[in-house]
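Here the structure comes first, spelled out in structure tokens, and everything after it is commentary.
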Amino acid sequence: MKKRAIIPILYIVFLMLPIYWLVAMSFKTTQEILGGFSLFPRVWTLASYKTIFTDPTWYWGYINSIIYVTMNTVISVTVALPAAYAFSRYRFLGDKQLFFWLLTNRMAPAAVFALPFFQLYSAIGLFDTHIAVALAHCLFNIPLAVWILEGFMRGVPKELDETAFVDGYSFPRFFVQVFLPTIKAGVGVAAFFCFMFSWVELLLAKTLTAVYAKPIAATMTRTASSAGYELGLLAAAGTLTIIPGAIVIWFVRNYIAKGFALGRV
Amino acid sequence: MALELRAISKRVGQITHVKETSLILEPGRFNVLLGETGSGKTSLIKLMAGLDRVASGTILMDGQDVTGVSPQKRNISLVHQFFVNYPHMTVFDNIASPLRVAGLAKSEIQGRVEAAADVLQLRPMLHRRPHELSGGQQQRTALARAIAKESTAVFLDEPLANLDYKLREELRDQLPELFAGRGAVVVYATSEPAEALMLGGRTALMQDGRVTQFGPTAEIYRRPNTLISARVFSDPPINSAPVTKTGDRVELGHGVGWQVTGAAAGLGDGAYTVAIRPNYISPVRSEASHVPMTGTVQITELSGSESTAHFRMGAETWVSLAPGVHPYRVGEDRVFYMDPAHCFYFAPDGALAA
């Protein structure tokens, strides 16, 4: 084996270790986890997974998360598309400042917004609904989607728009039939990042929900229950939480590389 | 069926991109817009196509005012300098797209696309996507889209500028016949005087967002109305220098002077600017009437069958372009012979005097 392969291998092992530990734990019994150190489960058990898939308080966590993450991704990309088009095609008063301001929204910690959102949503009766979380996540996902999409749109020459208009395309028709297919990679990348950030965000999701829209991450952070520590169960929930992200990455992996090439991801 | 511009102009903020321009562009022959990069050719085309709003003036198509009409409703085509096609569509769909948008019947679309593809030799590529084609094929696809649409006006904005030499010549030869007999007003923008001469038709010379002269190409090449027009329509650049006319003699200074004949003989005495194309200054004396000029050779270029020499006489640099191979040495003093019969004389205000 070549010497220079050692460092990347060490790095990958270092990265994979916690994930391996999580997966291994999810197949162990809680007694075994608490009982001592073991690399492999001595007794393989699917009990934790069975609990998750049969207990509504667990599986509804996933369903809730998927609902608001999907809502957020759709809203963010739909809203960001026209905004990014404007930023990439027109110059208007304060366009650069506005663009920068959008980005600064990503710099503020979510904790800053937790209290105002909580108070606001409680007041207007949106508390503990899926749309509440989806809208709250728009705060940082729309700027991100605008930023990514603007990069892709800027790569499309303005002459394409002009050619389409001259060829008779109305603006909406041009946007849907010509422009969107041209930047579909960008839409994929933007949707992926919206999905990802919404999926992993915990603080706002937890603050804005109680029962009906409670996300899986909030369910998971309940480390102890009446039955005491249920570490196997938590590990199984964690493993299942990784899966949707992995699936989405698989679908957009080629687009992401293109996004990197444009310097926007 | 003509495209008429009545005193149109375009401003962006404080900057004027197109100064008041009036033209009548007719179908049947090429209307060439000739000017350097930044002279306003593209701006003017965008105004004619309706992609930009005019600041003032009116545009008429076929006698109808289309000034405020959107490009979608003008029945026009546009081919850009960069090869612009719809990247996610096949060549067939690219050519068919304006026809589909117009809602034509399937069989009609099929026929028109195939006819256009035949003319531009795109038949074997109909099922490929633009990025799988060469630059020449991509531009031919854009041209095919313009032809298949059968629009009333076609704007070609330096369509050959990004093609390599061979393809450019090939496509340039093909262009006039491509649009012949289609009844469309064809506007062709270019920065190369040679291209304007080859495409014939009519030429509008542009400089600083202004059309300085418009007329049959050969005619305005022979008689530029101003010094600016003469400069725009000359490659290599036209020579010019101040002269004084007294009686029937013109003095250039540096001991160079000649007897004026023809129309120029009728000019009043005074100061003029003389301009002469480089191809009328030769290192060989072919006629006794040619005027000898002695200068120091500065730069020489040899292009196969032609020799170019830049020589300095006093403070001015002159260019000679002569057929055949002439061995120049940089720094040597050499006599060149200028044909006074082909001189243009411009009055101090820049207008052609004779």
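Here the protein sequences come in this chain order: G and R. Heads up: the first sequence begins at 107 in the numbering used here, then just goes up one per residue. Heads up: the second sequence begins at 248 in the numbering used here, then just goes up one per residue. Glycine residues also receive a C-beta, built at the ideal position from the N, C-alpha and C atoms.
At least three beta-carbon pairs within less than 8 Å, the region 355-370 of chain R to the region 293-302 of chain G: no
Rounded C-alpha distance that separates R:Thr-284 from R:Ser-438: For the purposes of this step, residue 284 of chain R is identified with residue 37 of the second sequence, where counting begins at 1. For the purposes of this step, residue 438 of chain R is identified with residue 191 of the second sequence, where counting begins at 1. Taking the straight line joining both Cα atoms gives about 7 Å.
Spatially closest choice to R:Val-538 from R:Ala-569, R:Gly-515, R:Gly-504, by CA coordinates: One-based indexing of the second sequence puts residue 538 of chain R at position 291. Answer by Cα proximity: R:Gly-504.
First and last residue of the uninterrupted alpha helix (DSSP H) at G:Leu-245: Here residue 245 of chain G corresponds to residue number 139 of the first sequence, with the count starting at 1. Unbroken alpha helix (DSSP H) run through G:Leu-245: 236-260.
Inter-residue Cα distance where the pair is G:Phe-219 and R:Arg-376: Here residue 219 of chain G refers to the residue found at position 113 of the first sequence. Here residue 376 of chain R refers to the residue found at position 129 of the second sequence. The straight-line gap from Cα to Cα measures roughly 48 Å.
Cut-off 7 Å between Cβ atoms - residues of its own chain near R:Lys-257, not counting five sequence neighbours on either side: Counting from 1 along the second sequence, the entry for residue 257 of chain R is found at position 10. Around R:Lys-257: His-264, Val-265, Ser-290, Leu-294, Asp-299, Val-301, Ala-302.
Span separating the alpha-carbon of R:Val-572 from that of R:Ser-529: Residue mapping note: residue 572 of chain R aligns to position 325 of the second sequence, counting from 1. Residue mapping note: residue 529 of chain R aligns to position 282 of the second sequence, counting from 1. One C-alpha to the other measures close to 11 Å.
Whole-angstrom distance between R:Phe-329 and R:Asn-409, CA atom to CA atom: On the second sequence, residue 409 of chain R is found 162 positions in, with the first residue counted as 1. On the second sequence, residue 329 of chain R is found 82 positions in, with the first residue counted as 1. Answer to the nearest angstrom: the Cα atoms are 7 Å apart.
Endpoints, the beta strand (DSSP E) within which R:Arg-576 is located: Numbered from its first residue, the second sequence carries residue 576 of chain R at position 329. Careful: R:Arg-576 lies outside any beta strand (DSSP E) and carries neither H nor E.
Reference G:Glu-336, options G:Phe-198, G:Lys-134, G:Pro-114, closest by Cα: Here residue 336 of chain G refers to the residue found at position 230 of the first sequence. Checked all of G:Phe-198, G:Lys-134, G:Pro-114; the closest Cα to G:Glu-336 is G:Lys-134.
CA-to-CA distance, G:Pro-287 to R:Val-331, given in whole angstroms: For the purposes of this step, residue 331 of chain R is taken as the residue at position 84 of the second sequence. For the purposes of this step, residue 287 of chain G is taken as the residue at position 181 of the first sequence. The alpha-carbon atoms of R:Val-331 and G:Pro-287 are separated by roughly 15 Å.
Any C-beta of chain R under 8 Å from that of G:Tyr-168: On the first sequence, position 62 is the one that residue 168 of chain G refers to. Answer no: the Cβ-Cβ gap between G:Tyr-168 and chain R never drops below 8 Å.
Proximal residues to R:Leu-250 (C-beta, below 6 Å), its chain only, five neighbours per side dropped: For this step, residue 250 of chain R is matched to residue 3 along the second sequence. So the list reads Leu-272, Met-308, Ala-400, Val-432, once near-sequence residues are dropped.
Status (buried if at least 16 other CB within 10 Å, exposed otherwise) for R:Pro-595: Counting from one through the second sequence, the residue named residue 595 of chain R turns up at place 348. Classification of R:Pro-595: exposed, given that the 10 Å Cβ count is below 16.
Residue-level contact to chain G via CB, R:Ala-601, 8 Å cutoff: The sequence position of residue 601 of chain R within the second sequence is 354, counting from 1. Answer no: the Cβ-Cβ gap between R:Ala-601 and chain G never drops below 8 Å.
C-beta atoms of G:Ser-154 and G:Ala-319 nearer than 8 Å: For the purposes of this step, residue 154 of chain G is taken as the residue at position 48 of the first sequence. For the purposes of this step, residue 319 of chain G is taken as the residue at position 213 of the first sequence. No; because the gap between Cβ atoms is not below 8 Å, this pair is not in contact.
Identified DSSP bridge partners for R:Pro-570: On the second sequence, residue 570 of chain R is found 323 positions in, with the first residue counted as 1. Bridge partners of R:Pro-570: R:Glu-553.
Close Cβ partners of R:Ala-343 (< 7 Å) along its chain, the five nearest in sequence each way excluded: Start at 1 with the first residue of the second sequence, and residue 343 of chain R comes out as number 96. Excluding sequence neighbours, R:Ala-343 sits near Ile-356, Val-360.
Distance between G:Pro-215 and R:Glu-379 (C-alpha atoms, nearest Å): Residue mapping note: residue 379 of chain R aligns to position 132 of the second sequence, counting from 1. Residue mapping note: residue 215 of chain G aligns to position 109 of the first sequence, counting from 1. Whole-angstrom Cα-Cα distance: 47 Å.
Three-state secondary structure (DSSP) of R:Asp-404: Along the second sequence, read from residue 1 onward, the residue named residue 404 of chain R stands at position 157. Under the three-state reduction of DSSP, R:Asp-404 is assigned to strand.
Whole-Å CB distance - G:Trp-166 paired with G:Ile-158, under 8 Å assumed: Locating residue 166 of chain G in the first sequence gives position 60, where the first residue counts as 1. Locating residue 158 of chain G in the first sequence gives position 52, where the first residue counts as 1. At roughly 11 Å, the Cβ-Cβ gap does not stay under 8 Å, so G:Trp-166 and G:Ile-158 are not in contact.
Contact set between R:Phe-329 and chain G, taken where Cβ atoms lie within less than 9 Å: For this step, residue 329 of chain R is matched to residue 82 along the second sequence. Ordered by position in chain G, the residues that pass the 9 Å Cβ test against R:Phe-329 are Pro-263, Glu-265.
DSSP three-state assignment for R:Gln-506, whether helix, strand or coil: Counting from 1 along the second sequence, the entry for residue 506 of chain R is found at position 259. Taken through DSSP and simplified to helix, strand or coil, R:Gln-506 comes out as strand.
C-alpha distance - G:Ala-175 paired with G:Ala-270, whole-angstrom precision: Residue numbering aside, residue 175 of chain G sits at position 69 when the first sequence is read from its first letter. Residue numbering aside, residue 270 of chain G sits at position 164 when the first sequence is read from its first letter. Correcting the residue type first, residue 175 of chain G is Val in the shown sequence and not Ala. Each residue's alpha carbon lies about 35 Å from the other.
Close beta carbons around R:Pro-236, own chain, < 7 Å, minus the five adjacent residues each side: This structure does not reach residue 236 of chain R, given that chain R is present from 248 up to 601, and the question cannot be answered.
Chain G contact for R:Pro-345 (CB, 8 Å cutoff): The residue labelled residue 345 of chain R in the question sits at position 98 within the second sequence. Closer than 8 Å: yes.
At least three beta-carbon pairs within less than 8 Å, the region 387-399 of chain R to the region 448-460 of chain R: The region 387-399 of chain R and the region 448-460 of chain R do not touch, with fewer than 3 CB-CB distances between them shorter than 8 Å.
DSSP beta-bridge partners of R:Gly-500: One-based indexing of the second sequence puts residue 500 of chain R at position 253. Its beta-bridge partners are R:Val-503.
Contacts that R:Leu-294 makes with chain G (C-beta to C-beta distance below 7 Å): The count along the second sequence starts at 1 and reaches residue 294 of chain R at position 47. Those within 7 Å of R:Leu-294 in chain G number zero; the least Cβ separation is about 12 Å.
Distance, R:Tyr-435 Cα to R:Pro-471 Cα: By 1-based counting over the second sequence, the position of residue 471 of chain R is 224. By 1-based counting over the second sequence, the position of residue 435 of chain R is 188. Answer to the nearest angstrom: the Cα atoms are 20 Å apart.
R:Asn-486 (DSSP reduced to helix, strand or coil): Within the second sequence, residue 486 of chain R is the residue found at index 239, counting from 1. Strand.
Opposing strand residues paired with R:Met-540 [DSSP bridges]: One-based indexing of the second sequence puts residue 540 of chain R at position 293. Paired residues: R:Phe-583.
Among R:Ala-600, R:Pro-587, R:Ala-556, nearest to R:Arg-581 - alpha-carbon criterion: The residue given as residue 581 of chain R occupies position 334 in the second sequence. Considering only alpha carbons, the answer is R:Ala-556.
Member of R:Ala-598, R:Gly-494, R:Arg-276 whose CA lies at the smallest distance from the CA of R:Phe-426: The residue labelled residue 426 of chain R in the question sits at position 179 within the second sequence. Residue R:Arg-276 is the option with its Cα nearest to R:Phe-426.
Three-state secondary structure (DSSP) of R:Ile-475: As a position in the second sequence, residue 475 of chain R is number 228, starting the count at 1. R:Ile-475: helix per DSSP, three-state reduction.
Per DSSP, cross-strand counterpart(s) of R:Leu-280: Residue numbering aside, residue 280 of chain R sits at position 33 when the second sequence is read from its first letter. Per DSSP, R:Ala-436, R:Ala-451.
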